[in-house]
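**Student:** Chains as they are written, first to last, in our numbering: chain X, 1059 to 1301; chain H, 1059 to 1301. Here a beta-carbon is modelled for each residue, glycine too, at the ideal position from N, C-alpha and C. Please read all numbers here as calculations on a predicted model, not as lab measurements.
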DNA sequence: CATTAAATATGTCTTTAGGACACTATTGTG
DNA sequence: CACAATAGTGTCCTAAAGACATATTTAATG
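1. So that I know if they touch, is there some Cβ in chain X lying closer than 9 Å to that of residue 1152 (chain H)?
2. What are the start and end residues of each continuous beta strand (DSSP E) run of 3 or more residues lying completely inside the region 1179 to 1245 of chain H, in chain order?
3. For residue 1210 (chain X), tell me which candidate among X:1290, X:1179, X:1090 has the shortest Cα-Cα distance.
4. Taking C-beta to C-beta, are residue 1239 (chain H) and residue 1230 (chain H) nearer than 9 Å?
5. Can you tell me whether residue 1173 (chain H) is buried or exposed? The criterion is at least 16 other CB atoms within 10 Å of its CB, across all chains shown.
6. From the DSSP output, in three-state form, read off residue 1260 (chain H) for me.
7. Could you name the residues of the same chain whose beta carbon sits closer than 6 Å to that of residue 1266 (chain H), not counting the 5 residues immediately before and after it, in chain order?
8. Assuming residue 1150 (chain X) and residue 1155 (chain H) make a contact with CB atoms under 8 Å, what is their CB distance in whole Å?
9. Show which residues of chain H have a CB atom less than 9 Å away from the CB atom of residue 1128 (chain X).
10. In whole angstroms, what separates the C-alpha of residue 1123 (chain H) from that of residue 1181 (chain H)?
11. Nearest to residue 1257 (chain X) by alpha carbon, out of X:1245, X:1271, X:1241?
12. Are the region 1211 to 1223 of chain X and the region 1132 to 1140 of chain X in contact at 8 Å, needing three or more beta carbon pairs?
13. Is it the case that the Cβ atoms of residue 1085 (chain X) and residue 1118 (chain X) are separated by a distance below 9 Å?
14. Ends of the alpha helix (DSSP H) at residue 1138 (chain H)?
15. Which residues in chain H have a C-beta closer than 7 Å to the C-beta of residue 1081 (chain X)? List them in chain order.
16. Find out if the Cβ-Cβ distance for the pair residue 1092 (chain X), residue 1144 (chain X) is shorter than 9 Å.
17. Give the single residue among H:1115, H:1083, H:1095, H:1105 whose Cα lies nearest to the Cα of residue 1205 (chain H).
18. Short of 6 Å in beta carbon distance, which residues of its chain neighbour residue 1260 (chain H), apart from the five on each side in sequence? Order them along the chain.
19. Since residue 1149 (chain X) meets chain H, which of its residues come closer than 9 Å, beta carbon to beta carbon?
20. Counting along the chain, where does the beta strand (DSSP E) carrying residue 1098 (chain H) start and finish?
21. Less than 9 Å separating the beta-carbons of residue 1100 (chain X) and residue 1194 (chain X)?
22. Mapping the DSSP letters down to three states, classify residue 1029 (chain X) as helix, strand or coil.
23. Could you give the DSSP three-state label for residue 1173 (chain H): helix, strand or coil?
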């Protein structure tokens, strides 16, 4: 196909013949948050064929008239459900094959997104078709399409990031304490971290700003509240080799 | 769209109306090799509208009748040009926006691929529309679409991999020497590496098999030929933190 | 055949940074 | 005021990379 078209008119004539079997094209963001010591992911209940009634990712089709980029599609779909745009959005990977959707060949571009629970709590609690689901419960649910697999991949990638960056901090409120961040990392890694090592690495990388304020969690010494240096665009706190 | 379709028939009726403006969908592999101390990338001369006559990536449209997955599309396109399937193929990222192709909204799923130069030298030299281009020359060329940017991204990702893995070794023949591998890594990183550190890390990770053979490059002590442990599926040679 | 040049390979000391864990600091509570 | 609970630090140990000198093995040369 398209072997002999040499100008736009010829191309369009040829291409339109192909469109009858153009693949399904969607964008699927995996939005994580961290609240009350638990990792959660945003799911929505499907109202259409196929897999109607099942829970799945808050994705959808690209709106070619209004979305200029794939990221805009991801943000638009998230805003529909949460009311806001997440501060962190990064492309995860793209799945495309003939089997994942019973309708036809199907492609979805997946994103990992992070947001503070408090920012969208109000909006989400008003709609009945969107919910935060504990990540540990997701493995026991039957989700639409291959969304379980996509969520696992996103979680695995976020786990890797927890080893060398403070990207997970975007799942926390704007200000947060180091113990909070450490617990989030421990939840992602599935094991405890040496407090001293964790703090040392973050200190040396100069990724956080001391707000001067403190927060007390009941009894015990209050923890210092930090804020991310967002201007730097730098998240990693382990050295590069061979520098 | 698709808000009220509840079964396959309704869906198809609705979906077919959308197809007139379905986005363009392509797969674009960036195939690297390393030969005579130089990094090279495979480019093909476009024979069709748009950007006819410009060089670009050896990509193309998904063949829904024959490709079962996106990887199969990538491999098929590479095989058309090189005659073989590369031993390393990994998804890079997906670009999708309204501007990258003058025809319409366009999406391309990009892959990084690596292959030994000798394996496809014969086939490539027979066709006039495919060529190995030195990576350093690519920045001075005007390529089709946003292919320059895609190649830069692929190179940057491969550079990162050179810091902690021996994935670049797939750009070498099946057996290779450690000095060869080091020079390849140095070409990717753009600076010299401490020989001892490099060898120590690779030794400890046990990623290579000593073939027992040696290869002499003119004068000087011959270097031991190694082969990758392919069964292990393990490429990284730096420790994980918090293990 | 001895010497040298060139390349591969290793020995070893230094430096850096994370692991372990004891210790100090600051709060609320009975 | 003692004590529990949580936050944060001091310090020694260990692992691994950096730096660089040294040894090894080959081809080339006179």
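**Tutor:** Here's the rundown:
1. yes
2. 1188 to 1192, 1233 to 1235
3. X:1090
4. yes
5. buried
6. helix
7. 1284
8. So it is not a contact: roughly 18 Å between Cβ atoms.
9. 1152, 1153, 1154, 1155, 1165
10. 26 Å
11. X:1241
12. no
13. yes
14. 1128 to 1140
15. 1083, 1120, 1122
16. no
17. H:1115
18. 1295
19. 1151, 1152
20. 1096 to 1103
21. no
22. The shown model of chain X, from 1059 to 1301, leaves out residue 1029 (chain X), and the question about it has no answer.
23. coil
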